[in-house]
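**Q** Each residue of the sequence shown is one higher than the one before, counting from 1 in the UniProt record's numbering.
The structure is given below, and queries will be raised subsequently.
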Amino acid sequence: MSLCAECFHQGDHTGHDFNMFRSQAGGACDCGDSNVMRESGFCKRHQIKSSSNIPCVPKDLLMMSEFVLPRFIFCLIQYLREGYNEPADVPSEKDLNKILQLLEPQISFLEDLTKMGGAMRSVLTQVLTNQQNYKDLTSGVGENACAKKSHEKYLIALKSSGLTYPEDKLVYGMQEPSAGTSTLAVQGFAGATGTLGQVDSSDEDDQDGSQGLGKRKRVKLSSGTKDQSIMDVLKHKSFLEELLFWTIKYEFPQKMVTFLLNMLPDQEYKVAFTKTFVQHYAFIMKTLKKSHESDTMSNRIVHISVQLFSNEELARQVTEECQLLDIMVTVLLYMMESCLIKSELQDEENSLHVVVNCGEALLKNNTYWPLVSDFINILSHQSVAKRFLEDHGLLVTWMNFVSFFQGMNLNKRELNEHVEFESQTYYAAFAAELEACAQPMWGLLSHCKVRETQEYTRNVVRYCLEALQDWFDAINFVDEPAPNQVTFHLPLHRYYAMFLSKAVKCQELDLDSVLPDQEMLMKLMIHPLQIQASLAEIHSNMWVRNGLQIKGQAMTYVQSHFCNSMIDPDIYLLQVCASRLDPDYFISSVFERFKVVDLLTMASQHQNTVLDTEHERSMLEGALTFLVILLSLRLHLGMSDDEILRAEMVAQLCMNDRTHSSLLDLIPENPNPKSGIIPGSYSFESVLSAVADFKAPVFEPGGSMQQGMYTPKAEVWDQEFDPVMVILRTVYRRDVQSAMDRYTAFLKQSGKFPGNPWPPYKKRTSLHPSYKGLMRLLHCKTLHIVLFTLLYKILMDHQNLSEHVLCMVLYLIELGLENSAEEESEEEASVGGPERCHDSWFPGSNLVSNMRHFINYVRVRVPETAPEVKRDSPASTSSDSLGSLQNSGTAQVFSLVAERRKKFQEIINRSSSEANQVVRPKTSNKWSASGSAPQLTTAILEIKESILSLLIKLHHKLSGKQNSYYPPWLDDIEILIQPEIPKYSHGDGITAVERILLKAALQSRMNKRIIEEICRKVTPPVPPKKITAAEKKTLDKEERRQKARERQQKLLAEFASRQKSFMETAMDV
1 MSLCAECFHQ GDHTGHDFNM FRSQAGGACD CGDSNVMRES GFCKRHQIKS
51 SSNIPCVPKD LLMMSEFVLP RFIFCLIQYL REGYNEPADV PSEKDLNKIL
101 QLLEPQISFL EDLTKMGGAM RSVLTQVLTN QQNYKDLTSG VGENACAKKS
151 HEKYLIALKS SGLTYPEDKL VYGMQEPSAG TSTLAVQGFA GATGTLGQVD
201 SSDEDDQDGS QGLGKRKRVK LSSGTKDQSI MDVLKHKSFL EELLFWTIKY
251 EFPQKMVTFL LNMLPDQEYK VAFTKTFVQH YAFIMKTLKK SHESDTMSNR
301 IVHISVQLFS NEELARQVTE ECQLLDIMVT VLLYMMESCL IKSELQDEEN
351 SLHVVVNCGE ALLKNNTYWP LVSDFINILS HQSVAKRFLE DHGLLVTWMN
401 FVSFFQGMNL NKRELNEHVE FESQTYYAAF AAELEACAQP MWGLLSHCKV
451 RETQEYTRNV VRYCLEALQD WFDAINFVDE PAPNQVTFHL PLHRYYAMFL
501 SKAVKCQELD LDSVLPDQEM LMKLMIHPLQ IQASLAEIHS NMWVRNGLQI
551 KGQAMTYVQS HFCNSMIDPD IYLLQVCASR LDPDYFISSV FERFKVVDLL
601 TMASQHQNTV LDTEHERSML EGALTFLVIL LSLRLHLGMS DDEILRAEMV
651 AQLCMNDRTH SSLLDLIPEN PNPKSGIIPG SYSFESVLSA VADFKAPVFE
701 PGGSMQQGMY TPKAEVWDQE FDPVMVILRT VYRRDVQSAM DRYTAFLKQS
751 GKFPGNPWPP YKKRTSLHPS YKGLMRLLHC KTLHIVLFTL LYKILMDHQN
801 LSEHVLCMVL YLIELGLENS AEEESEEEAS VGGPERCHDS WFPGSNLVSN
851 MRHFINYVRV RVPETAPEVK RDSPASTSSD SLGSLQNSGT AQVFSLVAER
901 RKKFQEIINR SSSEANQVVR PKTSNKWSAS GSAPQLTTAI LEIKESILSL
951 LIKLHHKLSG KQNSYYPPWL DDIEILIQPE IPKYSHGDGI TAVERILLKA
1001 ALQSRMNKRI IEEICRKVTP PVPPKKITAA EKKTLDKEER RQKARERQQK
1051 LLAEFASRQK SFMETAMDV
């Protein structure tokens, strides 16, 4: 909404949020238009009055204007016709400016007329829209040679106004392709994009290096299925239509734009002009693409369109009468078709998918921006969005448009030499996905808030899944991604994810009713998972030969302006897939994608066929951190909007103290401010005051002033600091360390922990019932084997296992204990004792019972040079008793890759059986590691440990003392009744182990008994010693002295704190 200064000052706008600026391009004041603003806000002049109070203009006063103006405007059009020459002599910008300068007095005269009030604007409207006058004056019929010549020029100019040229028909395959021309059919594009047409014979180099992929062939799609009325040559019936035509031809001269906008207060003109603008929409796009001043032209286009499409009633009217939605979607589709290239993702040779070329000027210069901006604007109106979501044809066309961005800006890892030229096209790709795909998505989501809109979500999900299936078919995807490739752009996945989230959160839809089968879910998870693995690779410097731009992409992907539309939907989609897929398959897939499968062995040596030794530690850290984020994050799994805002704010404040403006900028905000997904400014101030203290500005010694900052409150550090959220939201890894340093300083200053603390464990909000299946990941054998293996290797001082790995392992164990079933029954408790060993690693899938399960021996595959091969077999094992050993405590050789492929095949076979199809093998071996497999042999390791015993020994190792762990409940039984003890809230690894063992004991009486037994074996019980009366008196004295010393230290600390506060206050004064 826009108001002129006069109307603003005369109206009542108390308490309104406004921004005052001086417009350089004119515009229309919306005061008096009840479709734009409430009548209570009208100024005195525009308030509704009875028609009797409005004096009529004398008829004879306007008679001369009505007679002269048609000829005056025709004269103006004649000049515009004469000044434009094409196609032989394309006028230069200099020639156009010369013509416009000659016409400046005439246009200024028209502009002055618009300022004379409503009566004169009504006359101008009648003149501009009168079809008979236009026909009589501009037909070119008569003896006037000049008029005939200008009419001929006009007809020539009109020929190029359509979107389909005669030469395009040759390119689009309407004749037989010549020899050597490849014509490919794209499956699933039949709806709106037809088939992949002829490939340009000239292999032009992409601009700006074109994503570092060298030469590429440009592709054009058949436009035969589009609405031809949109593509046809324009036909004009009034002065207004031709005047707008020449305004577009001359690339929106400022004077002409101002005149057209100044006429908008006349309602009849506004409707006629809006319809004319929509009629010329395709022609505007075509001119914009050719313009050398696309930035200036874009601003002027939007300056007009925002005045027209912000009015919901008018937008609805032209949507119904002029097919505005069809025109906009088709024009956007057509615009992007001009810069399509063949996708090289997955199957470079046989791929049938096409994507936009991010090196094209169209994307690099954001030329598409005004069209996308208009589309977002009209989708903000509920009546228009409702029509879009109900139109199946439009949804199909839109999904095909979105698919052009699916997999764009593909990165290929350089393995040998450093890339010679670092392409800077990546930001164009991120901007294109955000503006052309994500913002319209948020606009549509804002209208899917209630149960009554369930059908809209079903429609979008349906056609999104169809587009995804077409995409998988086009790139020949089976179950494994191509190695050393990553694209950060998966808008179809993100559309599907966000509409799923909205369906569950707001529309009360059953999640399973909008989910595909298991095979499709397995495909859906692969590419988002590949991005997460690639992030870890990039931070591990595995992509260093690709230059700095690849780090730029990784940082942009998680940056605050993009994360809501990129990493958050990706994580959510992976959470949905994990909640419905077999947990063993999912966990195996994660470690396989992160390339750390070979590291997860009990053997002292291993050979990693896909990862260098120097990268193993950081990739393992990445895999475990990803699992922690996946299982901890609740942004779309049950958190309210205010809870999300609070978590985001706390994470940013914990990294560094922030100014108000920087905090506003860093909090991820929904790209569409009208969506209402994130409350933003509605709750910002109240949440900020609840979590932060304000440090007033202070003068520095040099005379400069330091800005006022917000810093977290003490109770926020104590209870709300969430390292998982900090990791998710950090653009620079140093910010994580900064948050931990600040947390350490708080604990030391408050006296809560004197040492170097570990990241605290934060209790999670409850999951929405639809996602309860996600917790199955914490209760599957595969994860327990990984956790057991890593704990064992850490205890054995394996060189590639860091403190961060141990921290994440303990975090996952604690998450599993927090999200397990209630206390076991006696029958369940008796299953997993140390006497009952099975032929597998663990007897069941419950972490609580598996923690106490003792594994005596493990079979491992090791290199022939490994020390395990030279060891003798266990004493209890003879060559003829190996069979019995298998059934008495020997865990078999475990392969994560084999486990994933076995589970994949089981799911495929089950799906095939349900569909009465022939069972077929689907697992692809195309991307198996090249080279000869290492010579491995099987060895048997003696382990004789459980997770509980490993944790107790780990406590001894971390404390540096033998027999350091003593079950606390033996001294204080109350701890089992009220386990929430402050001393376990903050601390180091020792504290974390103690907290886990206490929770394990609370979950199961059997676990409690086994912990006590292990401690008794390690630490033999000492019989209680009788204390004499004299010794008792001495002990009491010592205890009193100790308490006195503690009180004295506390008093000194309090005095020092007050002294520091006084000094700071004095400095402020």
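C-beta atoms are modelled at their ideal positions from N, C-alpha and C, and glycine is treated no differently.
Nothing here was measured: the structure is a model prediction, and the numbers come from that model.
1. Say whether chain C places a C-beta atom closer than 8 Å to the C-beta of Asn608.
2. Rounded to the nearest angstrom, what separates His784 and Arg729 at their Cα positions?
3. Measuring only the C-alpha atoms, how far is Cys4 from Cys29?
4. Look at the Cβ atom of Cys358, then the Cβ atom of Ala467, and state whether they are nearer than 8 Å.
5. Express the C-alpha separation of Leu445 and Cys31 in angstroms, rounding to a whole number.
6. Please report how far the alpha carbon of Phe401 lies from the alpha carbon of Leu637, in whole angstroms.
7. Taking C-alpha atoms, which residue in Gln126, Gln307, Gln78 lies nearest to Glu152?
8. Could you tell me if Thr937 is buried or exposed, where buried requires 16 or more neighbouring beta carbons within 10 angstroms of its beta carbon?
9. Excluding the 5 residues preceding and the 5 following Asp12 in the sequence, name in chain order all residues of the same chain whose CB lies nearer than 8 Å to its CB.
10. Taking just the CA atoms, how far does Asn1007 sit from His539?
11. Just to confirm my understanding: we take Phe74, look at its own chain, exclude 5 residues before and 5 after, and list those with CB closer than 8 Å. What are they?
12. In the DSSP output, what is Tyr269 paired with across the bridge?
13. Check Ala692 in the structure and name its three-state DSSP category.
14. In angstroms with no decimal places, state the Cα-to-Cα distance between Leu96 and Lys249.
15. Beta-carbon separation of Thr659 and Met709 under 8 Å?
16. Keeping to the same chain, check which residues put their C-beta closer than 8 Å to that of Leu1052; ignore five residues upstream and five downstream.
17. Buried or exposed: which applies to Gly622, given that a residue is buried once 16 or more other Cβ atoms fall within 10 Å of its Cβ?
18. I need the straight-line Cα distance from Thr425 to Asn411, nearest angstrom please.
19. According to DSSP, which residues form a beta bridge with Thr937?
20. Cα separation between Trp758 and Arg458?
21. Using a Cβ-Cβ cut-off of 8 Å (strictly less than) and excluding sequence neighbours within five positions of Leu529, which residues of its own chain qualify?
22. Going straight from the alpha carbon of Glu312 to that of Ile378, what length do you get?
23. Note the first and the last residue of the continuous beta strand (DSSP E) segment covering Lys135.
24. For Ser579, is the classification buried or exposed, using 16 other Cβ atoms within 10 angstroms of its Cβ as the cut-off for buried?
25. With distance defined between alpha-carbon atoms, name the residue in Tyr269, Val278, Asp582, Met602 nearest to Asp797.
26. Here's the rule I'm using: 16 or more other beta-carbon atoms within 10 Å means buried, otherwise exposed. How should Gln749 be labelled?
27. Identify which residue in Ser1057, Ser618, Leu581 has its Cα closest to the Cα of Leu599.
28. Since Val354 is in the beta strand (DSSP E), which residue starts that stretch and which ends it?
29. Identify every run of the beta strand (DSSP E) within the stretch 695-757, keeping only runs that are complete inside it and at least 3 residues long; order them along the chain.
30. Could you tell me whether the stretch 117-129 touches the stretch 55-66, where touching means 3 or more Cβ pairs closer than 8 Å?
31. Which residues bound the alpha helix (DSSP H) around Leu664?
32. How about Thr487 and Gly407: do their beta carbons lie closer than 8 Å?
33. May I have the straight-line CA-CA distance separating His493 from Glu104, to the nearest angstrom?
34. Roughly how many angstroms lie between the CA atoms of Asp510 and Tyr269, to the nearest whole one?
35. Going by DSSP, which residues form a beta bridge with Asn411?
36. Mapping the DSSP letters down to three states, classify Asn85 as helix, strand or coil.
**A** The relevant details are as follows:
1. Included in the structure is just one protein chain, with no chain C present.
2. Along the sequence shown, one-based indexing puts residue 784 at 784. Along the sequence shown, one-based indexing puts residue 729 at 729. Roughly 28 Å between the two C-alpha positions.
3. Within the sequence shown, the letter at position 4 stands for residue 4. Within the sequence shown, the letter at position 29 stands for residue 29. C-alpha of Cys4 to C-alpha of Cys29: approximately 6 Å in a straight line.
4. Numbered from its first residue, the sequence shown carries residue 358 at position 358. Numbered from its first residue, the sequence shown carries residue 467 at position 467. If you check the CB distance, Cys358 and Ala467 do not come in under 8 Å.
5. Translated into the one-based positions of the sequence shown, residue 31 becomes position 31. Translated into the one-based positions of the sequence shown, residue 445 becomes position 445. If you take the alpha carbons of Cys31 and Leu445, they lie about 30 Å apart.
6. As a first step, residue 401 is located in the sequence shown; it is residue number 401 there, counting from the start. As a first step, residue 637 is located in the sequence shown; it is residue number 637 there, counting from the start. So the two alpha carbons sit approximately 29 Å from each other.
7. One-based indexing of the sequence shown puts residue 152 at position 152. Nearest option by C-alpha distance: Gln78.
8. As a working mapping, residue 937 is identified with position 937 in the sequence shown. With fewer than 16 other beta carbons inside 10 angstroms of its own, Thr937 counts as exposed.
9. Translated into the one-based positions of the sequence shown, residue 12 becomes position 12. Hits under 8 Å: Ser40, Gly41.
10. Numbered from 1 along the sequence shown, position 539 holds the residue referred to as residue 539. Numbered from 1 along the sequence shown, position 1007 holds the residue referred to as residue 1007. Taking the straight line from one Cα to the other gives about 40 Å.
11. By 1-based counting over the sequence shown, the position of residue 74 is 74. Sequence-distant Cβ neighbours of Phe74 in its own chain, meaning closer than 8 Å and more than five residues away, are Leu137, Thr138, Phe239.
12. As a first step, residue 269 is located in the sequence shown; it is residue number 269 there, counting from the start. DSSP lists no partner for Tyr269.
13. Within the sequence shown, numbered from 1, the residue matching residue 692 stands at position 692. DSSP places Ala692 in strand when its eight states are reduced to three.
14. In the sequence shown, counting from the first residue as 1, residue 96 sits at position 96. In the sequence shown, counting from the first residue as 1, residue 249 sits at position 249. Near 10 Å, if we compare the C-alpha coordinates of Lys249 and Leu96.
15. The residue labelled residue 659 in the question sits at position 659 within the sequence shown. The residue labelled residue 709 in the question sits at position 709 within the sequence shown. Against a cut-off of 8 Å, the Cβ pair of Met709 and Thr659 comes out as a contact.
16. The count along the sequence shown starts at 1 and reaches residue 1052 at position 1052. Hits under 8 Å: none found.
17. Residue mapping note: residue 622 aligns to position 622 of the sequence shown, counting from 1. Here Gly622 is buried: its Cβ has 16 or more other Cβ atoms, across all protein chains shown, within 10 Å.
18. Reading the sequence shown from its first residue, position 425 is the one you call residue 425. Reading the sequence shown from its first residue, position 411 is the one you call residue 411. Taking the straight line joining both Cα atoms gives about 11 Å.
19. Start at 1 with the first residue of the sequence shown, and residue 937 comes out as number 937. In the DSSP output, where bridge partners are listed per residue, Thr937 has Val862.
20. Taking the sequence shown and counting its residues from 1, the one referred to as residue 758 is at position 758. Taking the sequence shown and counting its residues from 1, the one referred to as residue 458 is at position 458. Our two residues, Trp758 and Arg458, have alpha carbons roughly 45 Å apart in a direct line.
21. Here residue 529 refers to the residue found at position 529 when the sequence shown is read from its first residue. The answer, listed in chain order, is Leu574, Ser589, Val590, Arg593.
22. What you label residue 312 is simply residue 312 of the sequence shown in a count that begins at 1. What you label residue 378 is simply residue 378 of the sequence shown in a count that begins at 1. Near 8 Å, if we compare the C-alpha coordinates of Ile378 and Glu312.
23. The residue labelled residue 135 in the question sits at position 135 within the sequence shown. Looking at the DSSP string, Lys135 is not in any beta strand (DSSP E); the run it does join, the alpha helix (DSSP H), is 131-138.
24. For the purposes of this step, residue 579 is taken as the residue at position 579 of the sequence shown. By the neighbour-count definition (other C-beta atoms within 10 Å, threshold 16), Ser579 is a buried residue.
25. Sequence index remark: in the sequence shown, residue 797 carries index 797 (1-based). If we check each option's Cα against that of Asp797, Met602 comes out closest.
26. In the sequence shown, the residue the question calls residue 749 occupies position 749. So Gln749 ends up on the exposed side.
27. Position 599 of the sequence shown, counted from the start, is the residue given in the question as residue 599. Answer by Cα proximity: Ser618.
28. Reading the sequence shown from its first residue, position 354 is the one you call residue 354. That run of the beta strand (DSSP E) goes 354-356.
29. Those beta strand (DSSP E) runs which fall completely within the stretch 695-757 and span 3+ residues are 709-712.
30. Here the stretch 117-129 lies against the stretch 55-66, with 3 or more beta-carbon pairs under 8 Å apart.
31. The sequence position of residue 664 within the sequence shown is 664, counting from 1. 660-666 is the extent of the alpha helix (DSSP H) around Leu664.
32. For the purposes of this step, residue 487 is identified with residue 487 of the sequence shown, where counting begins at 1. For the purposes of this step, residue 407 is identified with residue 407 of the sequence shown, where counting begins at 1. By the CB criterion at 8 Å, Thr487 and Gly407 fall inside the cutoff.
33. Within the sequence shown, numbered from 1, the residue matching residue 493 stands at position 493. Within the sequence shown, numbered from 1, the residue matching residue 104 stands at position 104. Rounded to whole angstroms, the separation of the alpha carbons of Glu104 and His493 is 52 Å.
34. Numbered from its first residue, the sequence shown carries residue 510 at position 510. Numbered from its first residue, the sequence shown carries residue 269 at position 269. Computed Cα separation, rounded: 49 Å.
35. As a working note, residue 411 is residue 411 in the sequence shown. According to DSSP, which records beta bridges pairwise, Asn411 is partnered with Val486.
36. As a working note, residue 85 is residue 85 in the sequence shown. Correct three-state label for Asn85: coil.
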